[in-house]
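Have a look at the structure below, then the notes.
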Amino acid sequence: MPELGRTCVRDPGSVLPAGFWAAVTVWVEKPQVVNKRLCGSCVEHNWDQAAVHTLLPGLSCPGGDEEVLAHIRGYQESDVIVRTVIPKANPHYGCTEPRREIIIRDVSSNVVTFVPLEGGSGGHFQVKENNIYQIRLSAVVDDEWSLSLHTVYAESWESDGVIYPKISWMTNELLSRLAKWSTEDKKSDFKSTLSLIAVDKYSKLYQSLKEKYKDMVKVWPEVTDPEKFVYEDVAIATYLLVLWEEERSQKQLEEKQSFVDLGCGNGLLVHILSNEGHPGRGIDVRRRRIWDMYGSRTILEESAITPSDNSLFPHTDWIIGNHSDELTPWLPVIAARSSYSCRFFVLPCCFFSFFGKFNRKSSKKTQYREYLDFVLEVGDRCGFLVEEDCLRIPSTKRGSPAVTLQKRRPRPMPGGLGISPVMLVTPLLVIQPRGHVTMTRVASMVM
Ligand SMILES: C[S@@+](CC[C@H](N)C(=O)[O-])C[C@H]1O[C@@H](n2cnc3c(N)ncnc32)[C@H](O)[C@@H]1O
Numbered sequence: 000m001p002e003l004g005r006t007c008v009r010d011p012g013s014v015l016p017a018g019f020w021a022a023v024t025v026w027v028e029k030p031q032v033v034n035k036r037l038c039g040s041c042v043e044h045n046w047d048q049a050a051v052h053t054l055l056p057g058l059s060c061p062g063g064d065e066e067v068l069a070h071i072r073g074y075q076e077s078d079v080i081v082r083t084v085i086p087k088a089n090p091h092y093g094c095t096e097p098r099r100e101i102i103i104r105d106v107s108s109n110v111v112t113f114v115p116l117e118g119g120s121g122g123h124f125q126v127k128e129n130n131i132y133q134i135r136l137s138a139v140v141d142d143e144w145s146l147s148l149h150t151v152y153a154e155s156w157e158s159d160g161v162i163y164p165k166i167s168w169m170t171n172e173l174l175s176r177l178a179k180w181s182t183e184d185k186k187s188d189f190k191s192t193l194s195l196i197a198v199d200k201y202s203k204l205y206q207s208l209k210e211k212y213k214d215m216v217k218v219w220p221e222v223t224d225p226e227k228f229v230y231e232d233v234a235i236a237t238y239l240l241v242l243w244e245e246e247r248s249q250k251q252l253e254e255k256q257s258f259v260d261l262g263c264g265n266g267l268l269v270h271i272l273s274n275e276g277h278p279g280r281g282i283d284v285r286r287r288r289i290w291d292m293y294g295s296r297t298i299l300e301e302s303a304i305t306p307s308d309n310s311l312f313p314h315t316d317w318i319i320g321n322h323s324d325e326l327t328p329w330l331p332v333i334a335a336r337s338s339y340s341c342r343f344f345v346l347p348c349c350f351f352s353f354f355g356k357f358n359r360k361s362s363k364k365t366q367y368r369e370y371l372d373f374v375l376e377v378g379d380r381c382g383f384l385v386e387e388d389c390l391r392i393p394s395t396k397r398g399s400p401a402v403t404l405q406k407r408r409p410r411p412m413p414g415g416l417g418i419s420p421v422m423l424v425t426p427l428l429v430i431q432p433r434g435h436v437t438m439t440r441v442a443s444m445v446m
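Take the sequence shown: its position 93, counting from 1, is numbered 92 in numbering that gives the first Met the number 0, and each next residue is one higher.
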């Protein structure tokens with residue numbers, strides 16, 4: 000198999016070859032980290048193995064490398080995975096349709112082979128023979144290794160600039176990134192981005208909402224940066240809309256979910272969600288000039304939320320706290336007390352406990368991780384099964400450090416008593432004067 004490029008890897012920490020496989024996993028599961036024209040990838044562990052059986056043995060590439068083809072035909076079943084690569088839904092890109100690939104991992108030889116598939120209508124796929132490629136890790140001497148890229152056909156590689164980048168990109172960008180990942184400590188404190196929703200739906204909807212609301216940037220009357228705020232809120236709205244659509248289909252809900260956004264600030268998130276058909280409102284202690292621009296369909300109220308019996312939302316499906324500062328830890332409490340079925344979504348930014356700045360207890364975790372764990376614990380103590388995800392926010396560095404917490408369903412009560420957490424907590428949660436209630440006390444009161 001012709002070698003198209005090679006890069007040297009130094010491994011003073013002796014993390015190879017395990018580090019190589021960790022790097023390959025990033026390329027398989029999160030190709031968008033290096034190929035910015037991709038939205039993501041969906042790995043299908045349960046893909047029909049029978050289809051793989053029929054596809055690979057029948058593979059033929061006249062003029063292709065027979066040794067490689069024999070290797071591919073004789074793959075080990077346990078080392079085959081199938082992924083769908085999802086391009087960003089950008090009209091300027093030549094290819095916007097998701098494509099499938101079979102990936103064969105030969106761990107004993109440190110070789111991974113990517114076999115692209117074409118077609119797909121009615122479940123009939125064909126191998127796109129020209130674009131089969133391999134990445135190989137080889138030991139050189141002492142701590143020196145090399146990573147190389149090979150294809151079955153060097154000359155007839157077909158690039159669409161998106162799913163199949165140019166060979167020069169593969170040898171320069173991809174190989175050097177894999178080399179870097181192979182020897183660095185990549186453990187992340189956070190979940191993968193968009194792990195709770197379908198990435199392809201997100202990509203399509205994000206592009207269309209970006210187009211629909213881009214003119215807000217031109218008329219933004221606030222002193223804040225319009226590009227940052229508009230595209231950030233479009234991204235958050237997209238996430239919620241996809242999440243809610245999936246929730247409706249899972250729970251067979253006919254009505255679009257209602258919401259209230261606490262500490263809604265400029266109200267753009269409320270405006271987009273309302274415009275997209277979700278009944279809801281935003282509440283903020285300070286009115287903004289931009290509120291007057293939205294029209295009567297976008298309901299925004301100037302009012303202060305004080306966590307108490309007067310700030311509950313019994314008829315609301317979702318309570319949103321997007322960078323809601325001091326209100327953040329109260330969101331699960333307010334949601335738990337509002338109704339048995341109320342869910343919440345929190346996107347923390349500044350770190351507040353119930354009554355003041357959040358104080359760190361552990362130097363082993365990052366501050367963000369420790370704060371999220373705190374909010375997770377509050378949600379758990381309030382009776383929620385809390386799930387965590389990482390949003391893809393265009394304006395934040397490296398694209399994805401924002402994290403969401405949300406209630407998906409109430410935790411079953413012990414012994415199947417059928418008593419809701421809210422029924423249990425209602426008489427117990429007493430809000431004390433400022434400074435008198437610690438998180439542990441509130442949590443134990445809630446429970
Ligand atoms: C950091 S800003 C975020 C605004 C908006 N959610 C966003 O992401 O652009 C926090 C907002 O929460 C509001 N806020 C803080 N405490 C509040 C309270 N107790 N009641 C209502 N609004 C509050 C502030 O006025 C501010 O607009």
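Built from N, CA and C at the ideal position, the CB exists for glycine as well.
Just so it is clear, the structure is predicted and the values come from calculations on it, not from any experiment.
A Cβ closer than 6 angstroms to some heavy atom of ligand 1 marks a residue here, and those residues are Gly-262, Cys-263, Gly-264, Asn-265, Ile-282, Asp-283, Val-284, Arg-285, Ala-303, Ile-304, Asn-321, His-322, Ser-323, Asp-324, Glu-325 and Leu-326. By the criterion of a C-beta distance shorter than 7 angstroms, Phe-19 is surrounded in its chain by Asn-109, Leu-136 and Ser-181, once the five residues flanking it on both sides are discounted. Ser-40 has its alpha-carbon roughly 6 angstroms from the corresponding atom of Lys-29.
If you look at Pro-331, you'll find it in the alpha helix (DSSP H) that goes 329 to 337. For Leu-148, the enclosing beta strand (DSSP E) starts and ends at 143 to 150. Per DSSP, the unbroken alpha helix (DSSP H) holding Trp-26 starts and ends at 17 to 28. Here Ala-234 is buried. Its C-beta has 16 or more other C-beta atoms within 10 Å.
Nearest C-alpha to Val-218 among His-277, Leu-268 and Tyr-293: Tyr-293. The residues Asn-265, in chain order, have a CB closer than 8 angstroms to that of Thr-223 in the same chain once the five nearest residues on each side in sequence are set aside.
For Asn-274, the enclosing alpha helix (DSSP H) has its first and last residue at 267 to 274. Going by beta carbons, Gly-281 and Lys-255 fall outside the 8 angstroms limit.
For Glu-43, there is no enclosing alpha helix (DSSP H); the enclosing beta strand (DSSP E) covers residues 37 to 43. Sequence-distant partners of Ser-202 (beyond 5 residues in either direction) whose C-beta falls short of 7 angstroms from its own C-beta, in its chain, are Cys-38, Ile-85, Lys-87 and Ala-88. The count of Cβ pairs closer than 8 angstroms, one atom from the region 90 to 98 and one from the region 5 to 13, stays below three, leaving the stretches out of contact. Counting along the chain, the unbroken alpha helix (DSSP H) around Thr-237 starts and ends at 225 to 250. If you draw a straight line from the Cα of Leu-299 to the Cα of Ile-318, it is about 14 angstroms long. For Pro-164 and Pro-225, the gap between their C-alpha atoms comes out near 33 angstroms. The way I'd put it, the region 189 to 196 doesn't touch the region 166 to 181; fewer than three beta-carbon pairs between them come closer than 8 angstroms.
According to the DSSP assignment, Leu-384 belongs to the beta strand (DSSP E) that extends over 383 to 389.
One thing to note: Val-25 has its Cβ no nearer than 8 angstroms to the Cβ of Val-14.
Contact between Cys-263 and Asp-291 is ruled out by a C-beta separation of about 15 angstroms, above the 8 angstroms threshold. Annotated three-state conformation of Leu-311 is coil, per DSSP. Of all alpha-carbon atoms in Glu-128, Glu-301 and Ser-107, the one lying nearest the alpha-carbon of Pro-115 is that of Glu-128. Between Asp-372 and Asp-379, the alpha-carbon positions lie close to 10 angstroms from each other. The region 294 to 314 makes no contact with the region 194 to 201, as fewer than three CB pairs between them are under 8 angstroms. Between Glu-221 and Ile-333, the C-beta spacing is not below 8 angstroms.
Here Gln-256 carries a coil assignment [DSSP, helix/strand/coil].
Annotation for Gln-133: the continuous beta strand (DSSP E) segment containing it runs 132 to 140. Secondary structure at Val-377: helix, using DSSP grouped into helix, strand and coil.
If you draw a straight line from the Cα of Ser-310 to the Cα of Cys-341, it comes to about 14 angstroms. Around the beta-carbon of Asp-141, fewer than 16 other beta-carbon atoms lie within 10 Å, marking it exposed. Comparing alpha carbon positions, the residue from Pro-16, Glu-157, Gly-160 and Met-0 closest to Ser-107 is Pro-16.
Linking Thr-315 to Arg-82 through their CA atoms gives a straight-line distance of about 38 angstroms. It is roughly 46 angstroms from the alpha-carbon of Arg-247 to the alpha-carbon of Val-151. A Cβ-Cβ separation of about 6 angstroms places Ile-71 in contact with Ile-103 under the 8 angstroms criterion.
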